[in-house]
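So the protein sequences, as listed, match chains A and B. Per our numbering, residue 10 is the first one in the first sequence, and the count goes up by one each step. Per our numbering, residue 6 is the first one in the second sequence, and the count goes up by one each step.
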Amino acid sequence: MEQFLNDPSIYTLVRGPLVWLAFIVFFVGMLYRIFTTLKMAKKEKVIYPYLSFKYTLRSIFRWLMPFGSISMRKHPWFTIITFIFHICIIVTPIFLTGHMELWNESWEISWLSLPVGLTDLMTITVIVCLFFIFLRRLIQKDIRFLTSTSDYILLVLVALPFITGFLSHHELLLQYKIMLTIHMLSGELMLIAIPFTKLSHMFMFFLTRAHTGSEFGAVRHSRDY
Amino acid sequence: MEFKRKPVTDIGIDEALNRVDEEKIKKAIQWTLKKEASARLKIFVETCMRCGMCTNSCHHYLGHEGDPTYAPAAKVKQTIWDILDKKGNVSKEDIKKYARIAFSECNLCRRCVQYCPFGIDIAYLISLVRRLCCLIGVVPQYIYDQVLSHMQTTNMLWFRQDEWLDTIQWLEDELRAEIKNGKIPVGKKDAEVLYLAHGLEAKYMTGLLTNMAKIMNVAKVDWTVPDTDGWDYTVKALYAQDLETMGKVIRTHYETALRLNIKRIVIGECGHAFRTAVYEGVRYLGWKEPPIPYIHGVQFFYELIKERKIKITKKIEEPVTIQDPCNIIRYRGMGQMLRYIVKELCENIIEMSPKDDHNYCCSAGGGMIDSGPPWKTARIEGGKVKAEQISDTGAKIVIAPCHTCHKGIEDLNVYYKLNVHVKFLVDIIAEVMEIPEEMKP
Numbered sequence: 010m011e012q013f014l015n016d017p018s019i020y021t022l023v024r025g026p027l028v029w030l031a032f033i034v035f036f037v038g039m040l041y042r043i044f045t046t047l048k049m050a051k052k053e054k055v056i057y058p059y060l061s062f063k064y065t066l067r068s069i070f071r072w073l074m075p076f077g078s079i080s081m082r083k084h085p086w087f088t089i090i091t092f093i094f095h096i097c098i099i100v101t102p103i104f105l106t107g108h109m110e111l112w113n114e115s116w117e118i119s120w121l122s123l124p125v126g127l128t129d130l131m132t133i134t135v136i137v138c139l140f141f142i143f144l145r146r147l148i149q150k151d152i153r154f155l156t157s158t159s160d161y162i163l164l165v166l167v168a169l170p171f172i173t174g175f176l177s178h179h180e181l182l183l184q185y186k187i188m189l190t191i192h193m194l195s196g197e198l199m200l201i202a203i204p205f206t207k208l209s210h211m212f213m214f215f216l217t218r219a220h221t222g223s224e225f226g227a228v229r230h231s232r233d234y
Numbered sequence: 006m007e008f009k010r011k012p013v014t015d016i017g018i019d020e021a022l023n024r025v026d027e028e029k030i031k032k033a034i035q036w037t038l039k040k041e042a043s044a045r046l047k048i049f050v051e052t053c054m055r056c057g058m059c060t061n062s063c064h065h066y067l068g069h070e071g072d073p074t075y076a077p078a079a080k081v082k083q084t085i086w087d088i089l090d091k092k093g094n095v096s097k098e099d100i101k102k103y104a105r106i107a108f109s110e111c112n113l114c115r116r117c118v119q120y121c122p123f124g125i126d127i128a129y130l131i132s133l134v135r136r137l138c139c140l141i142g143v144v145p146q147y148i149y150d151q152v153l154s155h156m157q158t159t160n161m162l163w164f165r166q167d168e169w170l171d172t173i174q175w176l177e178d179e180l181r182a183e184i185k186n187g188k189i190p191v192g193k194k195d196a197e198v199l200y201l202a203h204g205l206e207a208k209y210m211t212g213l214l215t216n217m218a219k220i221m222n223v224a225k226v227d228w229t230v231p232d233t234d235g236w237d238y239t240v241k242a243l244y245a246q247d248l249e250t251m252g253k254v255i256r257t258h259y260e261t262a263l264r265l266n267i268k269r270i271v272i273g274e275c276g277h278a279f280r281t282a283v284y285e286g287v288r289y290l291g292w293k294e295p296p297i298p299y300i301h302g303v304q305f306f307y308e309l310i311k312e313r314k315i316k317i318t319k320k321i322e323e324p325v326t327i328q329d330p331c332n333i334i335r336y337r338g339m340g341q342m343l344r345y346i347v348k349e350l351c352e353n354i355i356e357m358s359p360k361d362d363h364n365y366c367c368s369a370g371g372g373m374i375d376s377g378p379p380w381k382t383a384r385i386e387g388g389k390v391k392a393e394q395i396s397d398t399g400a401k402i403v404i405a406p407c408h409t410c411h412k413g414i415e416d417l418n419v420y421y422k423l424n425v426h427v428k429f430l431v432d433i434i435a436e437v438m439e440i441p442e443e444m445k446p
């Protein structure tokens, strides 16, 4: 296995074509999922005629604002953890200095990059948050009842790129290049998985909120938050 | 954690299952989940992250604290997810379990929807389960009987047209004991208001209809009641998700109003009928909005009081609290109107916590009380948090502008010894409003 991962051709494959593949699958898959959902929604006559832009925005705003909904106020710890987690998981890979170098190297583009110390901290935060989420799933009775194996697999899938990224950066556990290969592979796997697993909630959130927000605001004249 | 429940016998479920085979079940599932449901079912099932934010929002869960099988998402897991996992190959035992969860452990109050980060409409998913049970013919017998009555008579209790007319006549006679020349106009054309009654108002709770007639006469409203079938505003088919019958009943209401050339329909204090008439049934019929205004009792009283069409002479002094019926508050945002009315009628109001559109369901709605005696324990257990809310206020009167909340809380009152009176707005208004001298007999 070590020899396999150490193979220069594997490294080239993982940092070249597979990155392309992952990004294409991610973006095309996401657009495809959104498109098919929007098309399917036409079959249900109660969705489009009642969509309201104003209440969609109200709903999304309330639920993207920390403690914007009664639900979040009733679950303060979980809210804090999930907000920190979601911010870190999105910001870290996009503004990481190491990733920026790669963008710069291939396409000569770059944008704001965060100091290494900060992204290191954010990476650890993601891992710690995931651990809390995992514990919650394991310990809290009502959530354990809902959980199936796939939920744990998803947690691992999301944790892996961050764990391996941290380890490779600090050259821990395995040889730098091997760890880097695993890191890239797991990152690509996660990107590919997003459109086709529950991770698709990252964009489905906006669609479900549009419907429910409009139903509550425009039809039911009450709050969905 | 296992799904453990005390056995309950309901012939509408148990015996109905003896009459069907697995083929029929499969067909109903195919029809409901493949043909009728589409985007919402798919996206809601796929987006649920199983985070458990909805758990504590449900009064049934709070009534059985510690039992995760009562949590909202868990009810979806044990029904919809289960059917999808089994690819529609479910047994009769499964259907029995689904029916029990859908009809006796969820009031479709949509409080959990307010707690879901994705706004997943759990009540919609549960009503899909009801829908497929209904297509198989597995519905609690008490609901089913009322649905059959709706199919044939458009009212909920097998009332014949002549019985309705006869009832109106003797109610008018009684009204004249209190209001000089009081009238209940029947089938009057071009009137301002068509009043529809709750089925029970024509049979066991005629006092409500008399009180409404009193208010109409005192406020000098140009009103009438139907002279044909379609006078009963209830639509129990909504509970069974018998959409076809629901559509038929709603269509009859609007057709009756249009035939009499009425400006608007007014109903009494009922939750489900209002929601069905204003959007559920209207949508089923393919209309975006109701063809003529359909006004709930709360909206109507708000108008009468605000425009000073009736005068309140003495306010109620005992402490009162307000029950927010889901079907008009969470489903139509009448919280402020309701509070305006109550403030005009009562001196001392102590609010429940939480209140308004975050209030808990009475645990009787969504067909649970209509499921009859076999399922009474289920709603009493689910009503634990409502009972605590009420006893925390220390109020002596609970104002519940909904038939279901009214009866549900009355039962909670007896079981949990709350020592309160549950009242309709119409009763309080009739009691405290001024009757002009010239109208007194």
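Note that beta-carbon positions come from the ideal geometry of N, C-alpha and C, so glycine has one too. Keep in mind it's a predicted model, so treat the numbers as computed, not measured.
Here S231(A) is not near D195(B), since their CB atoms are 7 angstroms or more apart.
In its chain, beyond the 5 residues on either side, I125, D126, L130 have a beta carbon closer than 7 angstroms to the beta carbon of F49(B). Among the CB atoms of chain B, none fall inside 7 angstroms of the CB of L208(A).
Judged by their CB atoms, E53(A) and A44(B) are nearer to each other than the 7 angstroms cut-off. Under the 7 angstroms criterion on CB atoms, P58(A) is classed as interfacial with respect to chain B.
For the C-beta of W120(A), not a single chain B residue is nearer than 8 angstroms; the gap to the nearest is close to 29 angstroms. Contact check for P324(B) and I355(B): beta-carbon distance about 5 angstroms, within the 8 angstroms limit, so the pair qualifies. Around G212(B), the same chain offers D432 as residues with beta carbons nearer than 8 angstroms, after the five sequence neighbours per side are excluded. One alpha carbon belongs to G371(B), the other to R24(A), and they sit about 57 angstroms apart. Residues are counted here when their Cβ sits less than 9 angstroms from a Cβ of chain A; for the region 49 to 62 of chain B these are F49, E51, T52, C53, M54, R55, C56, G57, M58, C59, T60, N61, S62, given in chain order. Fully contained in the region 311 to 364 of chain B are the following alpha helix (DSSP H) runs of length 4 or more, in chain order: 340 to 350. Only residues of its own chain outside the window of five on either side were considered, and among them F104, T106, M109 have a CB closer than 6 angstroms to the CB of S122(A), listed in chain order. For I404(B), there is no enclosing alpha helix (DSSP H); the enclosing beta strand (DSSP E) covers residues 402 to 404. Y200(B) sits in a strand when the DSSP states are folded into three classes.
Short of 7 angstroms from the beta carbon of M161(B), and not among the five residues preceding or following it, lie these beta carbons of its own chain, in chain order: Q151, S154, H155, G204, D237, T239, K241. Inter-residue distance for P378(B) and F92(A) is about 46 angstroms (C-alpha atoms, whole angstroms). At least one CB atom of chain B sits nearer than 7 angstroms to the CB of S231(A). No Cβ-Cβ contact shorter than 7 angstroms links M221(B) with I315(B).
DSSP places W116(A) within a helical segment (H, G or I) once states are collapsed to three.
In the same chain as G68(B), and ignoring 5 residues on each side of it, the C-beta atoms closer than 8 angstroms to its own belong to Y75, S368, E386, G387, G388, K389, V390, in chain order. Bounds of any alpha helix (DSSP H) do not take in I272(B); it lies within the beta strand (DSSP E) bounded by 269 to 272. Note that the C-beta distance between I404(B) and I334(B) is not below 7 angstroms. At a cut-off of 7 angstroms between beta-carbon atoms, A168(A) makes no contact with chain B.
Judged by DSSP in its simplified three-state form, T229(B) adopts strand.
For D329(B), the closest Cβ of chain A is not nearer than 7 angstroms. Counting the other Cβ atoms within 10 Å of the Cβ of V165(A) gives fewer than 16, which makes it exposed. For Y421(B), the three-state secondary structure derived from DSSP is coil. In the DSSP assignment, V191(B) forms a beta bridge with V230(B). Less than 7 angstroms separates the beta-carbon of G17(B) from that of Y149(B).
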